[in-house]
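Working notes for the structure below.
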Amino acid sequence: MSIETNKTNVAPQDQDSAIDLPVIDIEGIMSAIPHRYPFLLIDRMINVKKGLSATGIKNVSVNENFFQGHFPSRPVMPGVLIIEAMAQTAAVLVVKTLGAEFEGKIVYFMTIENAKFRRPVGPGDQLFIDVVKERQRANVWKFRGIAKVDGVSVAEAMFGAMIMG
Numbered sequence: 001m002s003i004e005t006n007k008t009n010v011a012p013q014d015q016d017s018a019i020d021l022p023v024i025d026i027e028g029i030m031s032a033i034p035h036r037y038p039f040l041l042i043d044r045m046i047n048v049k050k051g052l053s054a055t056g057i058k059n060v061s062v063n064e065n066f067f068q069g070h071f072p073s074r075p076v077m078p079g080v081l082i083i084e085a086m087a088q089t090a091a092v093l094v095v096k097t098l099g100a101e102f103e104g105k106i107v108y109f110m111t112i113e114n115a116k117f118r119r120p121v122g123p124g125d126q127l128f129i130d131v132v133k134e135r136q137r138a139n140v141w142k143f144r145g146i147a148k149v150d151g152v153s154v155a156e157a158m159f160g161a162m163i164m165g
């Protein structure tokens, strides 16, 4: 279910030597980034390749606080929150790549480009959020993200972020 890494930006030796991390559970996510309920938008991470890519998982529940107002008669997860879930997945990847001294640091959005929303996400859906590093210079990282439900794309975007030390 993961998207391919951009082979023009990732050297073949980097792909071969990528370190696979075990599943990152909610405790591991919370140790990496400072987000908490109600704004922590990923529950687990899989397919983690340090410095390259990861897949975040969000179990969308009818009890999500945003469904109270968006929309009460037809609950839809706001698209901007799907993009935020992409960013949180990328932020955990960045922190796990850089090491323990970066745990809890804030990763700020810098850019969001080419965001597309393909279909609504609602209660009972399970989002699989694939992020791939496009490039990184110093503390600035650029990612490509695709969110899927049942293997079908629901949202995608390119985004940049900066980790604050």
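Note that UniProt numbering numbers the sequence shown so that position 61 is 61, with each residue one more than the last. Ideal placement from N, C-alpha and C gives every residue a C-beta, glycine not left out.
*asked:* My output table needs one value for L93: the three-state DSSP class, helix, strand or coil.
replied: As a first step, residue 93 must be located in the sequence shown, where it is residue number 93. Residue state, collapsed to three classes: helix.
*Does the beta-carbon of A147 have 16 or more other beta-carbons within 10 angstroms, so that it is buried, or is it exposed?*
Residue mapping note: residue 147 aligns to position 147 of the sequence shown, counting from 1. By the beta-carbon neighbour count (other beta carbons within 10 angstroms, threshold 16), A147 is buried.
_Using a 10 Å radius around the Cβ and a threshold of 16 neighbouring Cβ atoms, would you call G151 buried or exposed?_
Start at 1 with the first residue of the sequence shown, and residue 151 comes out as number 151. By the 10 Å Cβ count, G151 comes out exposed.
*Can you have a look at F159 and say buried or exposed, based on whether 16 or more other CB atoms are within 10 angstroms of its CB?*
Numbered from its first residue, the sequence shown carries residue 159 at position 159. Classification of F159: buried, given that the 10 Å Cβ count is 16 or more.
_Helix, strand or coil at G104 [DSSP, three-state]_ = For this step, residue 104 is matched to residue 104 along the sequence shown. In the three-state reduction of the DSSP assignment, G104 falls in the coil class, being assigned neither a helical nor a strand state.
*According to DSSP, what are the bridge partners of E113?*
In the sequence shown, the residue the question calls residue 113 occupies position 113. Bridge partners of E113: M158.
*State yes or no: is the C-beta of V95 within less than 7 Å of the C-beta of F102?*
Taking the first residue of the sequence shown as position 1, residue 95 is located at position 95. Taking the first residue of the sequence shown as position 1, residue 102 is located at position 102. Result yes, Cβ atoms of V95 and F102 sit closer than 7 Å.
*Within the same chain, show all residues whose beta-carbon is closer than 6 Å to that of G124, passing over the 5 residues directly before and after it, in chain order.*
As a first step, residue 124 must be located in the sequence shown, where it is residue number 124. Closer than 6 Å at the Cβ level, and outside the excluded window around G124, lies no residue.
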